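If you're matching them up, the sequences are chains A, B and C in order.
With our numbering, the residue at position 77 of the first sequence is 77, and numbering never jumps.
With our numbering, the residue at position 169 of the second sequence is 486, and numbering never jumps.
With our numbering, the residue at position 301 of the third sequence is 899, and numbering never jumps.
Glycine included, every Cβ here is placed at the ideal spot set by N, Cα and C.
Only a predicted model underlies this, so the values are computations on that prediction, with no experimental measurement involved.
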Amino acid sequence: MSERGMLSRLAESLFWIGRYIERADDTARIVDSYVHRMVEDPFNDESATCRSLFSILGIEVENQRLRTGETLQTIVYDIENPNSIAGALNGAYENARRSRDYISSEMWVALNTTRNELPKREKRSRDFGPATYLSYVRERTSLLAGLTDATLSHDDGWRFLVLGRNLERIDMTARLLRGRVVSEENAPDWMAFLRASGAMEAFMRNTREINDANGVAAFLMLDRLFPRSVLYSLNLADECLVEIQPVGQRISSGDAARQALARARGTLEFIDPRQLIDQLPELLEMLEATCFRVTDAVTDRYFRHEDAVVWNIEEGL
Amino acid sequence: MSERLGLAIRHHTGFTYDGLAKASYNEARMTPRSLGTQQVQSSRITVRPSVPLSSHVDYFGTLVTAFDIQETHPQLEVEATSQVESWAATLETPLDWRALRSERLSDRFSEFLLPTHRTALVGAITDEIATWQKLSDVHECVETASNFIRGEVSYVPGATTVSATAQEAWDRRKGVCQDITHVTIGLLRAMGIPARYVSGYLYPATEPEVGDVVEGQSHAWVEYFSGTWTGIDPTNGVRETQRHIIVGHGRDYDDVAPLKGIYQGPESTQLGVLVEIRRTH
Amino acid sequence: MGVVFEEDASGAWNEMFSSPGQPRPIYERLLADINAYQPQELRLRSEQLARTFIDRGVTFAHSGEERPFPLDLVPRILGALEWDRLARGIAQRVRALEAFLADVYGEGRIFDEALMPRRVITSSPHYCRAAFGITPPNGVRIAVAGIDLIRDEHGNFCVLEDNVRIPSGVSYVIENRRAMTQAFSALFSDHRVHPVDSYPSRLFAALLAAAPAKALEPVIVVLSPGVFNAAYFEHVLLARMMGVELVEGRDLVCRSNHVYMRTTNGERAVHVIYRRVDDDWLDPLQFRPDTVIGVAGLVNAARAGNVVISNGIGNGVADDKLIYTYVPEFIRFYLGEKPLLDNVETHRLDDDEVRAEVLGQLARYVIKPVDGSGGKGIVIGPRATTTELKALHKAISAAPRNFIAQRPVALSTHPTFVGEGIAPRHIDLRPFAVNDGEDVWVLPGGLTRVALGEGELIVNSSRGGGSKDTWVLNDESIPFRGAVPPASARSRRYAGPPRQNDEYIFEQGEQ
């Protein structure tokens, strides 16, 4: 429990560093799982696959024929787009600049050099395909995640970062699953899908039924030990919020963020794993709404600061 | 008219907002202080919404009341009340021009000799200035200049805004006391006479009775240096009298605005300003 | 064969060589060390230095771009004796400027004594009437000063300008040393160089000493305009190394003359603000209402004694270059001492006779605007075109108070690694002084800025300048002033040696 609190603006930056690094990582994983189909599969419906990818990432596109090159440009390289990989890394960098007196220098240097390196990597991937770019990003985001845990004190600032990371992870896993639900034929198969979630080995160790859709979904949603599962992330996010709560409040002040998390956990805890696949659409919608609500509630409660203020002048006789 | 006037002054002002204002920071310069021509017996400022007030004396010697209001509020009201005894100054023999323009004095009062953006007048009235400066008596010179301005610039309430400059008022030949004061200050400074802005109140009745409550006004006039600071009211064409109550001095209006602040929120409108003065003795 | 040293034909004082090929004694060992390197090796290390700075984000924002401030790999050396004299001169100057500020925001004794016309102050745009009546609890208005020095043709150091508003650049001193000790550790084992990393703890101690007496556990913050400020890196470095919060205006709120920062756990009182925001933008109630980086009500909170703003509001009046010409008088008047450092020969143009003389031969002077910083608006007469001089003539005649004229001084030169070899380039020196109210401590060395263009005299980073690591050699026969940092009462996490870094520059109010 924390006594003194930390600067609200700083807490917000750290929260977003967590979210953006995770977003870059997850997006790289998702694109990776699609890229094989997009680039190499001659029977692939290029436009539909691209559309499916856009929809997973929550990017609205006009109803036109979509091409792989342009799609990758928007989702991977476009630094202006906060949902792209480059954009997310840039978002993390911008927030790190604002919290540079707080984060470790190792973290800062890692983020700064990553951002400086991206244009070169992008150039190279134009010749050799996006795979090396994606693996570079995943390598760097892993490094950043490791540095976060190894070089920051595990105080409130770190907790806000981890909270952000887990909310983003829930959100992205939900999106990934939804891609499968919405448009099965254009989404990667379950194998690619597990690989994208980094869950392939963990899953195989447990279950060997790769074609059991319900099994895969249950693993990604409900597994208690796998750190990328939704339930695991929900629990972790809640732990962070408990720790962050100011001390000396004997009666909980009705934390809206924790309420939203509790509701989502409750739903997942009591679901019958065998029925999961049928309820998946509603569950995923609920999870996306939860992430949204938690972010709102946390922002409201902890990140209160004025943004650009406009002062009016008054002069009276 | 008796030598000494006892006056109870109530000055009510403020703003109303098109909605709710918050984070409001203000400074009020509405409290008279004891000076050579007045003695302040008591004074008080009340602010609504009610918040803690702090006060200090500024660079020009004016008493400032500062306060901030964080909570949302639809309206801000400030009321200053004071009990003052006032008397007229006697007109001292002025310095001669040479002494007035000595390096020592012109340096000492450099702030009241340099134009500000409020008082600057470009190329105006040079002929008249040349004539007035030939008058050997500084008082007479100032009086002539003041009367000239009174003749040229008509007092028209609402003719200008609170942010008007002397140049604007002069070009339009109309304004309120603040503008006429700025024009006069501009001219006096141009002649090398140190001149400063006076913010205060005027008790309008010339034959006041004890007990009468009269609607007074926030007023502005000029003090010039002629060996001592001497007041003159160009708007009314008189010298400073016991009916003039001084609140503060400055280079121009901006140094002594009665209520000045900033806030966040929708547009504000000035509340009707009310100045009530009652003669107590 | 080692590196080739290009001969110095500038006619200026060469810091390393007394005559071609003849090093000054203090540089002998360094010269031998450098000669041991092959040129390509030097280039490699130079590139490596630049790369470290970019990776670590030791950059300054210029025209919307983050740039590193190039570090030249040839260090500048100052002897212990010479430094001792400089440090005493700087400290003396800071004490005099403190006394002057206390006087012009107080009694005004100097005017009564007619040592300086009051007009000089009242006409200064930086004379801040709102600062009148704000009394710093320990009397310190200048917690940090950056006094710019140059060495003239005869080898004499003189003061070019005083910066007591928000002097910047100290982060480069710290980062340059850090980078140099890594890239050229051998050089340091050959020389006994005074360390520079005690600066943050000195500053922290000074800020702590400046706190209001009623603050039992003073909370200190660094107030920055934000990431877009040219000196943001420095703000980060100082906050980090002092272990205090780095805040922006929007993180603070004043209520009833107390200042608080907004935290995740409610508001927390702040007692000392080391601000890197210029007066104009500091408090929308008193100054520019269009500021988005200031804190409304700050000035009155300082007046009420609940918070200390450091450096003081209104210090700019002491930076005014017309007022600079009076500083030797200040030293005599306020301190009763003889100035240890001279000004550059300067002419006041508000004097009719002087002005007539200067205007008559404008091409022979350097003309500076009185409130410019960062080399802005400076015209070097001998190098100016006729059109420039004509425009200048007009500007001075219209507003003589706004300019001063100086004798053109050939800034000393220092061998500097450029391209393939080492060539002389002009340099200056900005030492940093910290005043804790008891003592004025001068950081050993300071920032040497170098104009990288051949013959270029303006050294500012915004004009493509670079910097050098500046060494003050330790000589045990000379007692060193304040070499041991005070044990500061730290209440917050300690950040250790400089790990992150900073920047430098003179735009947006930074000096």
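If you follow the alpha helix (DSSP H) that residue i is in, where does it begin and where does it stop?
i                         : result
glutamate 951 (chain C)   : 950-958
lysine 919 (chain C)      : 919-922
arginine 691 (chain C)    : 678-702
lysine 992 (chain C)      : 984-996
glycine 912 (chain C)     : From DSSP, glycine 912 (chain C) is part of no alpha helix (DSSP H); its letter is neither H nor E.
threonine 267 (chain A)   : 256-269
asparagine 1033 (chain C) : From DSSP, asparagine 1033 (chain C) is part of no alpha helix (DSSP H) but of the beta strand (DSSP E) over 1030-1033.
Note down the Cα distance separating residue i from residue j, rounded to an integer number of angstroms.
i                            : j                           : result
serine 125 (chain A)         : glutamate 388 (chain B)     : 56 angstroms
valine 702 (chain C)         : leucine 987 (chain C)       : 35 angstroms
arginine 749 (chain C)       : serine 1065 (chain C)       : 16 angstroms
tyrosine 133 (chain A)       : leucine 7 (chain A)         : 36 angstroms
proline 273 (chain A)        : glutamine 279 (chain A)     : 10 angstroms
arginine 595 (chain B)       : threonine 477 (chain B)     : 29 angstroms
arginine 1004 (chain C)      : aspartate 876 (chain C)     : Residue identity check: residue 1004 (chain C) is glutamine in the sequence provided, not arginine. Straight-line Cα distance between these residues: approximately 27 angstroms.
glutamine 259 (chain A)      : leucine 241 (chain A)       : 11 angstroms
valine 137 (chain A)         : glutamine 73 (chain A)      : 15 angstroms
glutamine 1152 (chain C)     : arginine 65 (chain A)       : With chain C covering 599 to 1109 only, the question about residue 1152 (chain C) has no answer from this structure.
serine 47 (chain A)          : phenylalanine 128 (chain A) : 22 angstroms
valine 1048 (chain C)        : glycine 1017 (chain C)      : 15 angstroms
phenylalanine 1078 (chain C) : methionine 714 (chain C)    : In this predicted model, phenylalanine 1078 (chain C) has a pLDDT of only 47, less than 50, meaning its place in the structure is not dependable; the value taken from the coordinates is given anyway. About 36 angstroms.
So residue i contacts chain B; which residues on that side make the cut at Cβ distance below 7 angstroms?
i                        : result
tryptophan 190 (chain A) : Per Cβ cutoff of 7 angstroms: no residues; tryptophan 190 (chain A) is ~54 angstroms from chain B at best.
threonine 720 (chain C)  : Ser427, Glu428
Helix, strand or coil, according to DSSP, for residue i in the structure here?
i                           : result
threonine 354 (chain B)     : coil
leucine 131 (chain A)       : For the record, residue 131 (chain A) in the displayed sequence is alanine; it is not leucine. Of the three classes helix, strand and coil, the one that applies to alanine 131 (chain A) here is helix, per DSSP.
phenylalanine 667 (chain C) : coil
methionine 839 (chain C)    : helix
proline 980 (chain C)       : helix
proline 1084 (chain C)      : Its pLDDT being 37, under 50, proline 1084 (chain C) is placed unreliably in this model, and the coordinates cannot settle the point.
alanine 88 (chain A)        : helix
valine 564 (chain B)        : strand
alanine 481 (chain B)       : coil
isoleucine 313 (chain B)    : This structure cannot speak to residue 313 (chain B), because chain B is shown only from 318 to 598.
valine 897 (chain C)        : helix
histidine 626 (chain B)     : Outside the displayed range of chain B (318 to 598) lies residue 626 (chain B), so it cannot be described from this structure.
valine 590 (chain B)        : coil
tyrosine 520 (chain B)      : coil
valine 315 (chain B)        : Look at the range of chain B in this structure, 318 to 598, and you will see that residue 315 (chain B) is not part of it.
glutamate 469 (chain B)     : helix
proline 1096 (chain C)      : With a pLDDT of 31 at proline 1096 (chain C), under the threshold of 50, the predicted position of this residue should be treated as unreliable, and no value is reported.
By the criterion of Cβ-Cβ separation under 7 angstroms, what are the contact partners of residue i in chain A?
i                       : result
proline 575 (chain B)   : Gly316, Leu317
valine 678 (chain B)    : Beyond the ends of chain B as shown, which are 318 and 598, falls residue 678 (chain B); an answer cannot be given.
threonine 330 (chain B) : Gly316, Leu317
Listing by chain order, which chain C residues have their CB less than 7 angstroms from the CB of residue i?
i                        : result
isoleucine 466 (chain B) : Neighbours of isoleucine 466 (chain B) on chain C: none; closest Cβ ~26 angstroms, over 7 angstroms.
asparagine 116 (chain A) : Ile652
Kindly indicate the opening and closing residues of the beta strand (DSSP E) around residue i.
i                        : result
isoleucine 907 (chain C) : 906-908
tyrosine 342 (chain B)   : 321-348
proline 967 (chain C)    : 964-967
arginine 1047 (chain C)  : 1045-1049
Which chain B residues sit within Cβ distance under 8 angstroms of residue i?
i                     : result
glycine 864 (chain C) : Ordered by position in chain B, no residue passes the 8 angstroms Cβ test against glycine 864 (chain C), which lies about 14 angstroms from the chain.
In chain C, what lies closer than 8 angstroms to residue i by C-beta?
i                      : result
tyrosine 334 (chain B) : In chain order: nothing, as chain C lies at least about 17 angstroms away.
In chain C, which residues lie less than 9 angstroms from residue i when you measure between Cβ atoms?
i                      : result
methionine 6 (chain A) : Glu843, Thr861, Thr862, Asn863
Who are the neighbours of residue i on chain A, taking C-beta pairs under 8 angstroms?
i                       : result
aspartate 849 (chain C) : Leu7, Ser8, Arg9, His305
Relative to the ligand NAP, is the shortest distance from any of its heavy atoms to the C-beta of residue i smaller than 7 angstroms?
i                      : result
arginine 258 (chain A) : Questions concerning the ligand NAP fall outside what the structure shown contains, since it holds no ligand whatsoever.
Going along chain B in order, which residues have a C-beta closer than 9 angstroms to the C-beta of residue i?
i                     : result
proline 810 (chain C) : Here the premise fails: no neighbours, minimum Cβ distance about 15 angstroms.
Restricting to runs no shorter than 3 residues, where is the beta strand (DSSP E) found entirely within the region 713-790 of chain C? 742-749, 755-761
(Q) Which complete alpha helix (DSSP H) runs does the region 827-888 of chain C hold, if anything under 4 residues is left out? (A) 830-840
Unbroken stretches of the alpha helix (DSSP H), 4 residues or longer, contained in the region 189-246 of chain A = 190-196, 200-206, 213-222, 230-244
Along the chain, which unbroken stretches of the beta strand (DSSP E) at least 3 residues long are found entirely within the region 623-665 of chain C?
657-660
- [ ] Give, in chain order, every unbroken run of the beta strand (DSSP E) that is at least 3 residues long and sits entirely within the region 390-448 of chain B.
- [x] 390-404
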